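K.L.:
Using the working numbering, read the sequence shown as starting at 226 and increasing by one per residue.
Sharing a structure here in structure tokens format.
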Amino acid sequence: MQNTTSPATSPETTMHIMMFPWLAYGHISPFVQLAHKIIAVAGSSIRVTFLITKGNVPRVMTLLPCTPLISILPLDLPHVPGLPPGAENTAEVTEEGAELLKIALDKTKPQVEDILMRTRPDIVIMDFVQAWLPSLAKPLGIKTLFFSVFPASALTYFFATSRQLHGPNPTLQDIMKAPAGFPASSLIQSIPAFKAANHLNVFNTSFGQPSVFNRFMKSIEDCDGTIAKTCMEMEGKYIEFYKSEHRKMLLVGPVVPETPAGVLEKRWAEWLAEFPEKSVVYCSFGSEAVLTDEAVEELLLGLESTGFPFLAVLKFPSGEEKEEVEDILNRKLPKGFKERVKGRGIVHCGWVQQQHILQHKNVGCFVSHVGFSSLMEGMIADCQLVMLPQRADQLTNSVLLEKELGVGVEVERNEADGSFRREAISDAIKAVMVEEESRGKNWKEFLMNKEVQEKFMVEFVKSLRDLVAAPGN
226 MQNTTSPATS PETTMHIMMF PWLAYGHISP FVQLAHKIIA VAGSSIRVTF LITKGNVPRV
286 MTLLPCTPLI SILPLDLPHV PGLPPGAENT AEVTEEGAEL LKIALDKTKP QVEDILMRTR
346 PDIVIMDFVQ AWLPSLAKPL GIKTLFFSVF PASALTYFFA TSRQLHGPNP TLQDIMKAPA
406 GFPASSLIQS IPAFKAANHL NVFNTSFGQP SVFNRFMKSI EDCDGTIAKT CMEMEGKYIE
466 FYKSEHRKML LVGPVVPETP AGVLEKRWAE WLAEFPEKSV VYCSFGSEAV LTDEAVEELL
526 LGLESTGFPF LAVLKFPSGE EKEEVEDILN RKLPKGFKER VKGRGIVHCG WVQQQHILQH
586 KNVGCFVSHV GFSSLMEGMI ADCQLVMLPQ RADQLTNSVL LEKELGVGVE VERNEADGSF
646 RREAISDAIK AVMVEEESRG KNWKEFLMNK EVQEKFMVEF VKSLRDLVAA PGN
């Protein structure tokens, strides 16, 4: 259906939404999930266009539903010296490479401007990197929304307006403390030094480009509102705090993942079938987290000492991924480990069908980096959660889940450097695996309540229509 520049004021008027995620799987997936939910509720009254670089198109196509209501517009990613040829996702590069990816995406600005002028969407839902996009959209009468893939607790702790009072170079002590005005009833009043030190990276400026903090703040300030993947039931006090600082927050609910298509790969299905119900520990830290050699050893020895069968999925530095997997494992695995866990423990490098694995009846525990999408997958699969946060929102997600929502257990760590011992891994797993019911049982019922989750999306779509119908920008 042809797009129109006139406001979409009623359900009968087709609204055109453009989605433009950052080039990271942890960002692309929530955007895809949100598109799923919007179309499921709005049907043909909304159409969605995904704006993504060509190298990410195949992955996005496998995730999107087969419907004419969602289409893809590919972007050419300009060459940036130092960025490996063909690298278009943070999973394919080092941390320095991720900074170069930001520069490359910034260079798509002329392409994006041309697309906006030709297609004239009603709304662009964007990520934090593209903080320059509102300046292109506003003159065309196009509304923009910043989609935070962080929950409201992390967004407000790390990116509250009052954080700007610290200046461009806050201290470790500044970040260890909650920002001015933070909800007094929050149990995240402070974070340990290792978490604060990790977050200080967002204030760094690389290659003369804006810091992550500055991109976040500009996106928040220049967009017509912020979309948050949360709800009042889970994070009411943080939502109210955000609204007190900024103009608008549109809630989409926790965006529960869709049931995965297809079946579990035969290799994993047959292996999991060998063990009793809810006895297997699945361990994964997402597409980007790389553990140190010491952390890998402590993690694996901890898994071994539990006595439970386990599947550990690990990622190694991009340079090492060119090696044969067996060579990497022979170097990384503790001495004698492979022989000792033969038949009950597997260490795997590479992608697996995580949702299928978590939903297998014999998987009972999920050791996770606490990415919010992964958390949702674990909770709806009724898995016990053991949390080992690595970066970004994960640093406060673990506290929100364990202390405020009563879900999961965070692994005990050295507060200064974040290191952990094998005993801490083993103790955390054993603590949750002896429990008859998952700690997130009540939340699973909430997340799986289709009527409740659909209501979130119905209200969100109404908010979108109200935004488009509102005069001015």
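By construction, the Cβ of each residue, glycine as well, lies at the ideal position given by its N, Cα and C atoms.
Please read all numbers here as calculations on a predicted model, not as lab measurements.
Indicate whether the contact test is met: 3 or more Cβ pairs, each with one atom in the region 368-382 and one in the region 274-290, closer than 8 Å.
P.N.:
They do not touch, by the three-pair rule.
K.L.:
For R343, does the count of other Cβ atoms within 10 angstroms reach 16, so buried, or fall short, so exposed?
P.N.:
Answer is exposed; the Cβ neighbour count stays below 16.
K.L.:
Helix, strand or coil for A537? Go by DSSP, reduced to three states.
P.N.:
If DSSP states are grouped into helix, strand and coil, A537 belongs with the strands.
K.L.:
Please report how far the alpha carbon of M351 lies from the alpha carbon of E676, in whole angstroms.
P.N.:
Approximately 28 Å, taken between the alpha carbons.
K.L.:
If you measure from the beta carbon of N314 to each beta carbon in chain C, is any gap under 7 Å?
P.N.:
Protein chains in the displayed structure number just one, and chain C is not present.
K.L.:
In whole angstroms, what separates the C-alpha of I741 from that of N667?
P.N.:
Residue 741 is absent from the structure shown; the chain starts at 226 and stops at 698.
K.L.:
Are the CB atoms of A649 and E637 within a distance shorter than 7 Å?
P.N.:
Going by C-beta atoms, E637 is nearer than 7 Å to A649.
K.L.:
Three or more C-beta pairs closer than 8 Å, one from the region 289-297 and one from the region 394-409: is that the case here?
P.N.:
Output reads no: the region 394-409 does not touch the region 289-297.
K.L.:
What is the DSSP secondary structure of V480, counted as helix, strand or coil?
P.N.:
In the structure shown, V480 sits in coil (DSSP, three-state: anything other than H, G, I, E or B).
K.L.:
If you draw a straight line from the alpha carbon of G633 to that of S599, how long is it in whole angstroms?
P.N.:
Between G633 and S599, the C-alpha separation is close to 13 Å.
K.L.:
For the alpha helix (DSSP H) containing Q579, name the first residue and the last one.
P.N.:
Residues Q579 to L583.
K.L.:
Give the secondary structure of V506 by DSSP, where H, G and I count as helix, E and B as strand, and everything else as coil.
P.N.:
Here V506 sits in strand by DSSP.
K.L.:
Cutting at 8 Å between CB atoms, please list the residues of its own chain near M457, excluding the five before and the five after it.
P.N.:
Only I464 and L476 meet the Cβ criterion.
K.L.:
Give every residue of the same chain whose Cβ lies closer than 6 Å to the Cβ of P302, excluding the five residues on either side of it in the sequence, and list them in chain order.
P.N.:
Pro is not the amino acid found at residue 302; the sequence shown has Leu there. T278, E313 and A329, listed in sequence order.
K.L.:
Which complete alpha helix (DSSP H) runs does the region 637-680 hold, if anything under 4 residues is left out?
P.N.:
If we require 4 residues or more, the alpha helix (DSSP H) runs fully inside the region 637-680 come out as 647-658 and 666-672.
K.L.:
For K462, which residues from the same chain have a beta carbon less than 7 Å from its beta carbon, with the 5 sequence-adjacent residues on both sides left out?
P.N.:
Taken in chain order, the residues that qualify are P408, S410 and S411.
K.L.:
Could you tell me how far apart the beta carbons of K443 and A356 are, in whole angstroms, since I believe they sit closer than 8 Å?
P.N.:
At roughly 4 Å, the Cβ-Cβ gap stays under 8 Å, so K443 and A356 are in contact.
K.L.:
I need the DSSP call for Q615, collapsed to helix, strand or coil.
P.N.:
Q615 falls in the coil class under three-state DSSP.
K.L.:
If we count the other Cβ atoms within 10 Å of its Cβ and call it buried at 16 or more, is D433 buried or exposed?
P.N.:
Per the sequence shown, residue 433 should be read as Gly rather than Asp. G433 is exposed by the Cβ-count criterion.
K.L.:
Taking the alpha carbon of V266 as the reference point, which residue from V480, T621 and D518 has its own alpha carbon closest?
P.N.:
It is V480 whose Cα lies nearest to the Cα of V266.
K.L.:
Go ahead and pull the three-state DSSP assignment for L610.
P.N.:
Strand.
K.L.:
For I445 and F533, which I take to be in contact (beta-carbon distance under 8 Å), what is that distance rounded to the nearest angstrom?
P.N.:
No, I445 and F533 are not in contact; Cβ-Cβ is about 43 Å, not under 8 Å.
K.L.:
Secondary structure at T517, three-state DSSP: helix, strand or coil?
P.N.:
In the structure shown, T517 sits in coil (DSSP, three-state: anything other than H, G, I, E or B).
K.L.:
Among residues of its own chain, excluding the 5 on either side of V305, which ones have a beta-carbon nearer than 6 Å to its beta-carbon?
P.N.:
Closer than 6 Å at the Cβ level, and outside the excluded window around V305, lie L325, I328 and A329.
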